[in-house]
Each structure stands twice: as C-alpha cells, then as structure tokens.
Amino acid sequence: MAKENLSAHVSSQQSLESGGIDVDSQAQPSIRRRSFLKGLGVAGATLSAGALLTSKVLAQVSGASSGSISAGDAAILRFLCAAGILETDLWQQYNELGGIQDSEVPGGSGSPLYTAALEKLDEDMPQYIHDNTEDELTHEVFINAYLASKGAATVDLDQFRTLPSSKATGAQQIGRLTNLMQLTVDTTWFTRYRSRSKNPDFGDKLPQAIPSIAVGQHPAIPRTDEDVKPDSSKPDGISDFTQAIANTAGFHFATIEQGGTSLYPMLAQRVSSVEVLRILLSIGGTEICHFQTWSDKAGNAPPLRTKDPRTGTRVVFPNLNESPLGGEDFQTNLIMPEPCPFLDRSFPTVSIIRPTRTEGAAMGAAKALTADGLFIGQSKEFFEMLATLASEADAARREC
Ligand SMILES: [Fe+2]
Ligand SMILES: [Fe+2]
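Take the sequence shown: its position 232, counting from 1, is numbered 232 in the numbering used here, and each next residue is one higher.
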C-alpha cells in the first residue's frame, strides 16, 4: 500500500475554470503545497478555528490511533477537511448575523431584522444555523486531528483569510475565506430531489427553483446596515429586500449542504481503510441531516419580487406551489427524496442521495463552490490550493 508522501506529484491537468483560474500542472506542487499543508511537527498551529481547543486535541491524539493510512485516503480526508474549513467560515458569518452567538459558536452579536427575516422561514432558524456552524467546526477539527494521529499532513487555510467581513452591525471585523455578499445560488437541488424521472448521474438536467438567484450576484447576509434598514410600511419593519437576503440565505443553506450530502458518498467509494470509510459515512450522514432540514425550510421562503437597491439586480421568489410551478417538481411540502432512477434506468426507481458518481467528485465540488461566488476576491494561490487538494483527492483509488 502506498503510504502518505508529502511530496506526492500532482499530475492533474484539471483547473477551476469557473473561477477563471487555470492551474498550471507544471508549477512546483511540492513547494506550493508546503504553504497550506502542515506536518505533525507544527500541528499545534494548523487549525483554523478554536486554536486553544485544537492544540489540546492534537496533543491528545498522538497515540490515539496507530498505523498509517494510504496516500489516497489522506488526500480524500484533506480535501474534506478543506471543505469543512470553508464551510465553517461561511456558516460562522451566517451565525454572527442570523444565528445564536454563544460559547459553542462565539463571535458576532446578531442583526435583529435579518434574524427576524430568517425566522419567517422557520422560527428555529437561528438555532439550526448555530448547530450547522458547530457541526462544520467539529468536522474540520476532527479530520485534521485524525490526519495528525496517522502522521499525515494536516490542512491550514489561515493564510487565505483575506476577504472582508460584512459591515452590518453584528458581524465581527475579521478576514474571511468566503464571500456571502455576491452569491449566484444553484437551486436545482430543489427540483432534483422532487423529480421521479431525473438523476444527474445519467446526465439529466434539472430546472432552477428560483431562477433569479441562479444568475447575477446576490447578498445572502446584509452587506451594511442599509440592507437591514427598517421599512415603516411593513407591520414587522422587514423590507422586501431584507427578506430577499434572508430567502437567498435560506436557499443557499441547502445548496451548500446538498453538496456535502453528495460529496461524502462520492468519495467514500474510493477510500481504502474501513476506518476512513467509517469517518466518511458518519460525517456524511450529518450533511444529509443538514440538507434535509434546509430543504424543508427553503420552501417556506415568503414569495416576493424586489430589487437590490445598490446594484439594481432584480430578484423574484415565486410561490412554488402555484401554477405554472407546483406539482411534484416544486411542491414545497415534499421534503424527502422522491424515488428516481439509479445505476441503470432498467432498475425500479429508488429513493436515494443523488448524484453519487465518484469520478471527479472533489474537483466537481470545488468548481461548484467557486461557481457559487463564494470565493470572489480570493487570490490565485487560493484557487491553486483548492485545485491541488481536489485533484489529489480525485486521484485516490481504492486499494483493497
Ligand atoms: Fe461538514
Ligand atoms: Fe455541511
């Protein structure tokens, strides 16, 4: 079995085209990788959040797990760890403004009207945002600790925390990895999980539930206090644009978590160790919990049409239960996966996670996050890092 090798050659020609970055496979990958991968010797400084907790955890794990893991398993775990770090960063921003700020998820002080607008989707939204944020933090911390316990390189993205915070009251003013203020939200998950005949693994295309946020750039958190200015013409003071921001967030939550819902089973098909498989199945299951929760809530987004006062971009949230929508593909109370074709169309349809094809899974996820607009403003080095981690994960093959 090939063991983890820090200077493993990166041979992929793939690039993060949608981010406009062409990763030069002839660049020196071992040099490039050094900056965001850390060996055990500096493990105490490797994690992005909860630094004190992290040092303690990493001190405890030396000796918690014996043996080593394959280079492929380590690469898959590192990509998932990076995805977890990026997820934590975006969820942290949501929690500061619209969640519950406490000792489990500290930082920020909330934006009352943004929070009230989120609560139109479900009164428990702040709690769910808080819990999703904490879950993602535990995913990245656990995976890095496991990698360290196996003597494998861990992931550190701190050098890329360069993007600005929201200027709205309630947000911390710190450098971020992700940008929630210029999103293009793919809402095809909504129709995909309601379709009985289509599965992207067969090349099927699904329609957008909310076409207007699937094009252009839309904030999912208030950019400044202007975005949460009270509207005296509304009984609750929530302007249509503030509600549009919250609705966009509500759909984006599910867009992110359906990505994790597919990514874990996609990559699980190529891990070698049963223990690493157990990690992927166990964490992957919580991504599914997240997705289903958000899938339920997004359908409650109040219908509206308005425009962004700053950019003039129009945004429409239709009534998904009404003609010409409605029916199985849009009906909002369908929150469990409808059965769909799987493996071969000659089999009976079955209720499943989809897509789950394993080829190019990590690069596909990296491209989808990039197309989302999450990394607008990031450096060339950031996109190179993401492409390197993705191509290494996609090069992993099951060795047993
Ligand atoms: Fe996660
Ligand atoms: Fe997630």
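The C-beta atom is built at its ideal place from N, Cα and C for all residues, glycine as well.
query, result
"Would the beta-carbon of T188 fall within 8 Å of that of E140?", "no"
"Along the chain, where does the alpha helix (DSSP H) that runs through L277 open and close?", "V274 to A298"
"Can you tell me whether Q127 is buried or exposed? The criterion is at least 16 other CB atoms within 10 Å of its CB, across all chains shown.", "exposed"
"Does the structure place the stretch 258-277 close enough to the stretch 318-338 that three or more beta carbon pairs sit under 8 Å?", "no"
"What does the shell around ligand 1 hold, if a residue joins when its beta-carbon is under 6 Å from any heavy atom?", "G84, E87, E136, H139, G260 and E287"
"Can the beta-carbon of P219 be found closer than 8 Å to that of M181?", "yes"
"Kindly indicate the opening and closing residues of the beta strand (DSSP E) around R194.", "Element bounds for R194: n/a, residue is neither H nor E."
"Between which two residues does the alpha helix (DSSP H) carrying T306 extend?", "No alpha helix (DSSP H) contains T306, which is instead part of the beta strand (DSSP E) from L304 to K307."
"Measuring only from the beta carbon, is I256 closer than 7 Å to any heavy atom that is part of ligand 2?", "yes"
"Starting from F382 and walking both ways along the alpha helix (DSSP H), at which residues does that stretch end?", "K380 to A395"
"With contact counted as at least three CB pairs below 8 Å, one residue from each stretch, are the stretch 233-251 and the stretch 115-124 in contact?", "yes"
"If you compare alpha carbons, which of E328, G151 and E134 is closest to G85?", "Note that residue 85 is Ile in the sequence shown here, rather than Gly. Among E328, G151 and E134, the Cα nearest to that of I85 belongs to E134."
"Does the stretch 65-78 come close enough to the stretch 343-350 that 3 or more CB-CB pairs lie under 8 Å?", "no"
"Based on Cα-Cα distance, which residue from A246, L147 and A153 lies nearest to G299?", "A246"
"What is the DSSP secondary structure of S70, reduced to helix, strand or coil?", "strand"
"Whose C-beta lies closer than 6 Å to the C-beta of F382 among residues of the same chain, with five residues either side of it excluded?", "F160"
"Whose C-beta lies closer than 7 Å to the C-beta of R196 among residues of the same chain, with five residues either side of it excluded?", "E328, E338, P339, C340 and T349"
"Does ligand 2 have even one heavy atom less than 7 Å from the beta-carbon of H290?", "yes"
"Can you list, in chain order, the residues of its chain whose CB lies under 8 Å from that of P355, leaving out five sequence neighbours each side?", "N199, P200, D201, S262 and M266"
"Based on DSSP bridge pairs, tell me the residues matched to R78.", "Its beta-bridge partners do not exist; DSSP assigns none."
"Nearest CA to the CA of S273: which residue from I129, Y146 and D131?", "Y146"
"From the DSSP secondary-structure annotation, give me the bridge partner or partners of L403.", "As shown, the chain starts at 1 and ends at 400. That puts residue 403 outside it, with no answer to give."
"What separation, rounded to the nearest whole angstrom, lies between the Cα atoms of L280 and L386?", "20 Å"
"Identify which residue in G312, Q378, F342 and R78 has its Cα closest to the Cα of A217.", "Inspection of the sequence shows that residue 217 is occupied by Gln rather than by Ala. Q217 has its Cα closest to that of G312, out of G312, Q378, F342 and R78."
"Return helix, strand or coil for K38, following the three-state DSSP convention.", "strand"
"At which residues does the beta strand (DSSP E) containing V316 begin and terminate?", "R314 to F317"
"Grouping DSSP H, G and I as helix and E and B as strand, with all else coil, what is D344?", "strand"
"So what does DSSP say about T224, is it helix, strand or coil?", "coil"
"Report the residue from A244, L343 and I283 whose alpha carbon sits nearest the alpha carbon of A301.", "A244"
"For a minimum of 4 consecutive residues, which ranges assigned as the alpha helix (DSSP H) are wholly contained in the stretch 197-270?", "240-268"
"By alpha-carbon positions, which one of L77, A74 and L163 ends up nearest to I376?", "L163"
"Please determine, among K367, A366 and L343, the residue with the shortest C-alpha to C-alpha distance to R357.", "L343"
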